[in-house]
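Engineer: Going by the UniProt record's numbering, the sequence shown opens with residue 1, and the numbers climb by one from there. Questions regarding the structure given below will be posed in turn.
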Amino acid sequence: MKDYRSWKHSVTYACCPKTPYLDITYHFVMLRLPLYFIVNVIIPCLLFSFVIAVS
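Take a look at the structure:
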């Protein structure tokens, strides 16, 4: 995980002016490892496609 943030919002509606409604929003920034993606997704897909084409 590279970064994360959170925000807390309080909203009051006209129907219930004395009751605040809370909302929490999270924002995550993830770090992707390109070599992991290539080895575990791209290469197996290529091998599977090759086996299907040959057979």
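Note that CB positions come from ideal geometry on N, CA and C, so glycine has one too.
Which partner residues does PHE28 have in the DSSP bridge list?
Structural biologist: Bridge partners of PHE28: TYR4.
Engineer: Count the C-beta pairs between the region 19-37 and the region 2-11 that are closer than 8 angstroms, then say yes if the count reaches three, no if not.
Structural biologist: Yes: at least three Cβ pairs fall under 8 angstroms.
Engineer: For the alpha helix (DSSP H) that contains PRO17, what are its first and last residues?
Structural biologist: That residue, PRO17, is in no alpha helix (DSSP H); it is neither H nor E in DSSP.
Engineer: Taking the alpha helix (DSSP H) that SER49 falls in, what are its first and last residues?
Structural biologist: Its alpha helix (DSSP H) spans residues 43-54.
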